[in-house]
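**Student:** Numbering (the working numbering), first residue to last: 345 to 617. Pasting a structure here, questions to come.
What follows is the structure, encoded as structure tokens:
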């Protein structure tokens, strides 16, 4: 491999060699979901096959043929890992990164051009793989991703931090992944639940609110009323006179009297002393 790329790769990952215990713990982690972005069909297919053979802990959720399609999928599917070609027609992978308002996935650049290595470092890519992708390099890359995922889990929870967890949703035969932090609140509608998202969209699920509360069981959410589940970070104020919760979207939701103290306590934990 080109020495320039080798030196760049050393700067991209700075993890200590995995211990035997870590290697075994990695095998116990949940699957990570990946998006593969490449305008060349044979490159997409080859990488997908290589991932299936070498890393069963990373599953391919979808593939994209260009930056525009990839941007939509990143927003809709919220992948854990994105393998992205840099040199693509109309819009490069580097230009796509500039358009993203935030990035909470592991980014691995895949390209046949080693001149992009320094730029990949500047974009804080997790790794940089030179085409044709070597099986050992890919396996080492995915192992580093899994180990990094293990090291950065929330202590004692055995999962990603609440802000980066995803909720899997099946609607109209399509599978979607919604970040927990993008759910402003959930509203009961009989045996269904409507999710109110940060982008203004609504998604109705065929699960009741109790089941939704179990699925979103973490410190980010609180149920102030039988009909509502709210993300605590989106609570703007509480009116204890008329027992309502005001969200930063302007939504005013009812609050049960018996939940007032518990809500007050949960909100205080989010704020510095």
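In this text, a Cβ means the ideal position worked out from N, Cα and C, and glycines have one as well. These numbers come from a predicted model, not from an experiment.
1. Between the C-alpha atoms of residue 433 and residue 381, what's the straight-line distance to the nearest angstrom?
2. Spell out the partners DSSP gives residue 523 in its beta bridges.
3. So if DSSP puts residue 532 in a beta bridge, which residue, or which two residues, is it bridged to?
4. In whole angstroms, what separates the C-alpha of residue 425 from that of residue 591?
5. Using CA coordinates, which residue listed in 563, 552, 526, 534 is at the minimum distance from residue 545?
6. Would you check if the stretch 600-608 and the stretch 553-572 touch, i.e. whether three or more CB-CB distances between them fall below 8 Å?
7. Helix, strand or coil: how does DSSP classify residue 458 here?
8. According to DSSP, is residue 484 part of a helix, a strand, or is it coil?
9. Please report the Cβ distance between residue 383 and residue 409, rounded to the nearest whole angstrom; I am assuming they are in contact, meaning their Cβ atoms lie under 8 Å.
10. Rounded to whole angstroms, what is the Cα-Cα separation between residue 390 and residue 449?
11. Near residue 502, what residues of its chain come up, given a Cβ to Cβ distance below 7 Å and the 5 sequence neighbours on each side ignored?
12. Our contact map puts residue 422 next to residue 522 with C-beta atoms below 8 Å; I'd like the distance itself, whole angstroms only.
13. Please tell me whether residue 539 and residue 577 are closer than 8 Å, where the distance is taken between their beta carbons.
14. Since residue 573 contacts residue 553 with CB under 8 Å, what's their CB separation in whole angstroms?
15. Three-state secondary structure (DSSP) at residue 569?
16. Is it true that the CB of residue 524 sits closer than 8 Å to the CB of residue 473?
17. In terms of residues, what are the limits of the alpha helix (DSSP H) holding residue 417?
18. Who are the near neighbours of residue 388 in its chain, counting only those whose CB is closer than 7 Å to its CB and skipping five residues on each side?
**Tutor:** Quick look at the numbers:
1. In the chain shown, residue 433 corresponds to position 89, counting from 1. In the chain shown, residue 381 corresponds to position 37, counting from 1. The straight-line gap from Cα to Cα measures roughly 12 Å.
2. On the chain shown, position 179 is the one that residue 523 refers to. In the DSSP output, where bridge partners are listed per residue, residue 523 has 510.
3. Start at 1 with the first residue of the chain shown, and residue 532 comes out as number 188. Note: residue 532 sits in a beta bridge opposite 537.
4. Translated into the one-based positions of the chain shown, residue 425 becomes position 81. Translated into the one-based positions of the chain shown, residue 591 becomes position 247. Their backbone Cα atoms lie some 31 Å apart in a straight line.
5. Taking the chain shown and counting its residues from 1, the one referred to as residue 545 is at position 201. Here the closest residue by C-alpha is 526.
6. yes
7. Your numbering for residue 458 matches position 114 in the chain shown. Note: residue 458 maps to helix in three-state DSSP.
8. Locating residue 484 in the chain shown gives position 140, where the first residue counts as 1. Residue 484: helix per DSSP, three-state reduction.
9. If you number the chain shown from 1, residue 383 lands on position 39. If you number the chain shown from 1, residue 409 lands on position 65. The Cβ separation is near 6 Å, so the contact holds.
10. For the purposes of this step, residue 390 is taken as the residue at position 46 of the chain shown. For the purposes of this step, residue 449 is taken as the residue at position 105 of the chain shown. Cα to Cα, the separation comes out at about 22 Å.
11. Counted from its first residue, the chain shown places residue 502 at position 158. Confidence at residue 502 is low in this model, with a pLDDT of 37, below 50, so the placement of that residue is unreliable and no value is reported for it.
12. By 1-based counting over the chain shown, the position of residue 422 is 78. By 1-based counting over the chain shown, the position of residue 522 is 178. Right, the Cβ-Cβ distance comes to about 7 Å (below 8 Å), so this counts as a contact.
13. Position 195 of the chain shown, counted from the first residue, corresponds to residue 539. Position 233 of the chain shown, counted from the first residue, corresponds to residue 577. Contact flag unset, no.
14. As a position in the chain shown, residue 573 is number 229, starting the count at 1. As a position in the chain shown, residue 553 is number 209, starting the count at 1. At roughly 6 Å, the Cβ-Cβ gap stays under 8 Å, so residue 573 and residue 553 are in contact.
15. On the chain shown, residue 569 is found 225 positions in, with the first residue counted as 1. Here residue 569 sits in strand by DSSP.
16. Along the chain shown, one-based indexing puts residue 473 at 129. Along the chain shown, one-based indexing puts residue 524 at 180. Contact: no.
17. Taking the first residue of the chain shown as 1, we reach residue 417 at position 73. Run containing residue 417: 411-421, per the alpha helix (DSSP H) assignment.
18. The sequence position of residue 388 within the chain shown is 44, counting from 1. The residues are 380, 382, 407.
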